[in-house]
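Below: one structure, written as structure tokens.
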Ligand code: ZN
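Residue numbers (UniProt numbering): 1 to 861.
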């Protein structure tokens, strides 16, 4: 830390948890909404639980008045600080009334009550409610809310909050509405919307016959792009009834879309607030991936109604209790819509690209961290996606039936309360005879276990013995790891590829041997089928991988074997390139790609995944000193060589899968386009750019247009410039499509990408206040390995400059961008010192937010 600078915030520790001193049974809120001066009157019914003063959280609030049991309090009765209001001398049961002024129009953090587009919106998770009123802003204080909103009718005709609309009216130019939520909830689930919006309406009848009014609220003109979100909502409601027996519990379910939002969406009780990116979709404006994103996030937030809202978290260390479980639920939902194997493949692809990378670096943390400075920094792939893997391991270990029983117990035992990871564990343990104790280590220890194996076959005894070993490298603060409880779903294949044995082994020791009987020939083991644990399996020979890629009965492992095989040969090619040798295409890789392509019609969605080479970041993770230029060179050389060698096949595939209607977003159409555009990528890499150019011009479907544009973006000439100019002219008024225009340029491999991104930061449509736009340009650029890590360090400088400015207005997003430099130690010394210098420059900034401070200081530690 720089001289004289103090840590902006003290660490919060799980071990220090104490129950709240006061509970709030009821709260009445009255908002008089004005962008420059909103008045919030709060009436809290408080009840003592433990000895001590009443301490309420509050930030950026101007206290106008305060009354205890109706009596106005003088300044000698309370202590006000930057972040709290404390009353020492209070009874055990009483009513506290406060009146505060807040300024939504200057709230650029997008946490609390803020302005966006045509109105007022809130974001209270995790600690935004304290920017609205004085309150014990912690999730284990659950209250019933009654909310009255008052606003100018002409500007903010729509007034929404949680629960049911119990009264409304008008008074002069003002309108008002009262909303009451019968379910007790933590403050982070409070929400209000006051804006000029229109609704797309529908209804859903629950299994027990409750009629639920559904509304999706968007800016006028956007109604035509809500169909998929509404379909997904109803489908998710039905799925949760069928799969988990969980029904919706209010008469109204509203979703409001907002274009300035720090995350994807928010599960506020009865009033989800969504980033427009996860609501609006039409085939002309959204890609197939966007459609799937909408469906996934709609399902995710809806599923939170039970796993998050009805059963909430005791404290923020338990965040994965709701997020890991809800991600698991949305993964299962999506797997049931299309292909379970393809869904698993794409989830694992991204887990490895993001979570595995984080788990190997200075920002690694357990699924349940023990300590944090700023909880906003812990909305990570570890909490979300690795957390979902832990839930999945429970199910793999105890089986589907017991898991469902465990879920029933979990909900029944914890309904309307604030639970912990131990409560989830206890419910699952109650549903099975298998001793699950050791699974808790997945919540406590960071890092990705590495699993290796030895095998021996005894022809005389007809036994085959598999010895598995686990090892987990140290992570910050955890030098020594205890063994994990690892479910190993596996099969033994005979020489023809038939399964002769399948089983789920449990690896719980550092080393364990398993002997199989009646095995006459040496079999080929297929381990971690369907990715049964978030580990790295090591030591598979190329020959084995080639065999499994061709023969495994487990589709996931077939894909994985091919990926691992491709990773090995590409890493070899990187070494050869570094040694000055010319690129040579591996015959086995060519053979595997050829076989996949010729067999594509059987399962085009799977084939499209299998045709993608491992990402540059994945190759980087496997190198001791990352060489981003060599990685990019080799990966592109492989794509080019495959495209050239298989030109006829790729052309044939392109033609074969081209015949789907632009408006068709069925699973079949999505798979066809994925395959066609995978072929387009190889053909473009091989120099056949006319096809991409033609597809760009003929596009009426955003998936196809964008896939074409991605390839045209690689041409550093006027064909590219014309394409981006015409795309801009067509879509400049559509913010979500314009985001794509920014991000395709930021992701391009063309030599001038860095200069173009620098210029785009000055573009009139670039806006640091809009998180989607920042992610589209800066986030995408920081995820473009060879450009971001350009040897001059100019990429780092660009990122740090952005963080510097952004930290003043939106520290949450600034801190998130900082993580892109977290892996600095993995690079050569020149890049190391360039990244380190930028991190140090950020840390030395005056008035640096605790958010960015935590990420930059941990990255350097
Ligand atoms: Zn969530």
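By construction, the Cβ of each residue, glycine as well, lies at the ideal position given by its N, Cα and C atoms.
For residue 267, is the beta carbon positioned less than 7 angstroms from some heavy atom of the ligand ZN? For this step, residue 267 is matched to residue 267 along the chain shown. Residue 267 Cβ: within cutoff of the ligand ZN.
For the structure I just gave you, are there three or more beta carbon pairs, one from the region 341-351 and one from the region 256-263, closer than 8 angstroms? Put simply, the region 341-351 does not touch the region 256-263. Fewer than three CB pairs are less than 8 angstroms apart.
For residue 27, which option in 750, 15, 40 has the closest C-alpha, if you only look at C-alpha atoms? Within the chain shown, numbered from 1, the residue matching residue 27 stands at position 27. Residue 27 has its Cα closest to that of 40, out of 750, 15, 40.
Please classify residue 831: is it buried, with 16 or more other beta-carbons within 10 angstroms of its beta-carbon, or exposed? Taking the first residue of the chain shown as 1, we reach residue 831 at position 831. It counts as buried.
Got a sec, what are the start and stop residues for the alpha helix (DSSP H) residue 165 sits in? Within the chain shown, numbered from 1, the residue matching residue 165 stands at position 165. Premise fails: residue 165 lies in the beta strand (DSSP E), 164-171, not in any alpha helix (DSSP H).
Give me the Cβ distance between residue 32 and residue 150, rounded to the nearest whole Å; I'm assuming they're in contact under 8 angstroms. Locating residue 32 in the chain shown gives position 32, where the first residue counts as 1. Locating residue 150 in the chain shown gives position 150, where the first residue counts as 1. That pair is a contact at about 5 angstroms.
8 angstroms contact criterion, which residue 746 and residue 780 should meet: CB distance rounded: As a first step, residue 746 is located in the chain shown; it is residue number 746 there, counting from the start. As a first step, residue 780 is located in the chain shown; it is residue number 780 there, counting from the start. Correct: roughly 4 angstroms between the Cβ atoms.
Does residue 796 come out as helix, strand or coil in the three-state DSSP assignment? On the chain shown, residue 796 is found 796 positions in, with the first residue counted as 1. Per DSSP, reduced to three states, the secondary structure at residue 796 is helical.
When you compare only the Cα positions, how much space is there between residue 844 and residue 838? Against the chain shown, residue 844 aligns to sequence position 844. Against the chain shown, residue 838 aligns to sequence position 838. Distance between the alpha carbons of residue 844 and residue 838: 10 angstroms.
Between which residues of its own chain and residue 237 is the CB-CB distance below 7 angstroms, once the five residues before and five after are set aside? In the chain shown, counting from the first residue as 1, residue 237 sits at position 237. 204, 248, 302.
Give me the Cβ distance between residue 626 and residue 827, rounded to the nearest whole Å; I'm assuming they're in contact under 8 angstroms. The residue given as residue 626 occupies position 626 in the chain shown. The residue given as residue 827 occupies position 827 in the chain shown. Confirmed, about 5 angstroms.
Where residue 570 falls: helix, strand or coil (DSSP): Translated into the one-based positions of the chain shown, residue 570 becomes position 570. Reduced to three states, the DSSP call for residue 570 is helix.
For a test of your reading of the model: does the CB of residue 471 fall under 7 angstroms from any non-hydrogen atom of the ligand ZN? Yes or no. Working through the chain shown from its first residue, we reach residue 471 at position 471. The answer is no for residue 471.
Would you decide whether residue 858 is buried or exposed? Buried here means 16 or more other CB atoms lie within 10 Å of its CB. Along the chain shown, read from residue 1 onward, the residue named residue 858 stands at position 858. By the 10 Å Cβ count, residue 858 comes out buried.
Distance between residue 848 and residue 5 (C-alpha atoms, nearest Å): Mapped onto the chain shown, residue 5 falls at position 5. Mapped onto the chain shown, residue 848 falls at position 848. With a pLDDT of only 44 at residue 5, under 50, the local geometry of the prediction cannot be trusted, and the value read off the model is given with reservation. Rounded to whole angstroms, residue 5 and residue 848 show a C-alpha spacing of 10 angstroms.
Closest to residue 825 by C-alpha separation, out of 471, 363, 699, 529, would be which residue? On the chain shown, residue 825 is found 825 positions in, with the first residue counted as 1. Considering only alpha carbons, the answer is 363.
Pairwise C-alpha distance: residue 841 and residue 2: Numbered from 1 along the chain shown, position 2 holds the residue referred to as residue 2. Numbered from 1 along the chain shown, position 841 holds the residue referred to as residue 841. Residue confidence for residue 2 is low, a pLDDT of 38 falling below 50, so the modelled location carries little weight and cannot support an answer.
For residue 131, does the count of other Cβ atoms within 10 angstroms reach 16, so buried, or fall short, so exposed? Start at 1 with the first residue of the chain shown, and residue 131 comes out as number 131. When all chains shown are included, residue 131 counts as buried.
How close, in whole Å, do the beta carbons of residue 121 and residue 273 come, if the pair is a contact with beta carbons under 8 angstroms? Looking up residue 121 in the chain shown gives position 121. Looking up residue 273 in the chain shown gives position 273. Separation of the CB atoms of residue 121 and residue 273 is rounded to 6 angstroms, and the pair is thereby assigned contact status at 8 angstroms.
Starting from residue 307, trace the beta strand (DSSP E) both ways and give me its first and last residue. Numbered from 1 along the chain shown, position 307 holds the residue referred to as residue 307. Element bounds for residue 307: n/a, residue is neither H nor E.
Given the structure, does residue 304 come close to the ligand ZN, in the sense that its CB is under 7 angstroms from one of the ligand's heavy atoms? Residue 304 sits at position 304 when you count from the first residue of the chain shown. Yes.
Is residue 168 closer than 8 angstroms to residue 191 when the C-beta atoms are compared? Within the chain shown, the letter at position 191 stands for residue 191. Within the chain shown, the letter at position 168 stands for residue 168. For residue 191 and residue 168, no; Cβs fall outside 8 angstroms.
For residue 608 and residue 674, what's the separation of their Cα atoms in angstroms? In the chain shown, residue 608 corresponds to position 608, counting from 1. In the chain shown, residue 674 corresponds to position 674, counting from 1. Rounded to the nearest whole angstrom, the CA to CA distance from residue 608 to residue 674 is 6 angstroms.
If you scan the region 389-419 from start to end, which runs of the beta strand (DSSP E) of 3 or more residues do you find wholly inside it? 417-419
Spell out the partners DSSP gives residue 554 in its beta bridges. If you number the chain shown from 1, residue 554 lands on position 554. The partner list for residue 554 (beta bridge, DSSP) is empty, contrary to what the question assumes.
In terms of residue numbering, what span does the alpha helix (DSSP H) encompassing residue 114 cover? Within the chain shown, residue 114 is the residue found at index 114, counting from 1. No alpha helix (DSSP H) holds residue 114; the beta strand (DSSP E) holding it covers 112-116.
Rounded C-alpha distance that separates residue 94 from residue 280: In the chain shown, counting from the first residue as 1, residue 94 sits at position 94. In the chain shown, counting from the first residue as 1, residue 280 sits at position 280. Each residue's alpha carbon lies about 46 angstroms from the other.
How should residue 49 be labelled, buried or exposed, when 16 other C-beta atoms within 10 angstroms of its C-beta is the threshold for buried? Residue numbering aside, residue 49 sits at position 49 when the chain shown is read from its first letter. Looking at its Cβ environment, which holds fewer than 16 other Cβ atoms inside 10 Å, residue 49 is exposed.
Beta-carbon proximity list for residue 193, same chain, < 6 angstroms, skipping 5 on both sides: Position 193 of the chain shown, counting from 1, holds the residue named residue 193. Around residue 193: 121, 160, 256.
Take residue 369 and list the residues in its own chain whose beta-carbon comes closer than 7 angstroms to its own, dropping the five residues that flank it on each side. Stepping through the chain shown from its first residue, residue 369 is reached at position 369. Result list for residue 369: 317, 378, in chain order.
Shorter than 7 angstroms, the distance from the beta carbon of residue 501 to the closest heavy atom of the ligand ZN, or not? Residue mapping note: residue 501 aligns to position 501 of the chain shown, counting from 1. No, the ligand ZN has no heavy atom inside 7 angstroms of this Cβ.
So the alpha helix (DSSP H) residue 588 belongs to, where does it begin and stop? Sequence index remark: in the chain shown, residue 588 carries index 588 (1-based). Note, residue 588: alpha helix (DSSP H), 587-598.
Can you list, in chain order, the residues of its chain whose CB lies under 6 angstroms from that of residue 753, leaving out five sequence neighbours each side? If you number the chain shown from 1, residue 753 lands on position 753. So the qualifying residues of the chain are 787.
Tell me which residues share the same chain as residue 769 and place their Cβ nearer than 8 angstroms to its Cβ, disregarding the 5 neighbours each side in the sequence. Stepping through the chain shown from its first residue, residue 769 is reached at position 769. Within the same chain, residue 769 has close Cβ partners 108, 260, 809, 810.
Beta-carbon within less than 6 angstroms of residue 457's beta-carbon, same chain only, minus the 5 sequence neighbours each way: which residues are those? Mapped onto the chain shown, residue 457 falls at position 457. Sequence-distant partners of residue 457 (beyond 5 residues in either direction) whose C-beta falls short of 6 angstroms from its own C-beta, in its chain, are 464, 522.
Can you confirm whether the region 54-73 touches the region 123-141 when touching is taken to mean that 3 or more C-beta pairs between the two stretches lie within less than 8 angstroms? The region 123-141, when compared against the region 54-73, does touch it at the 8 angstroms Cβ threshold.
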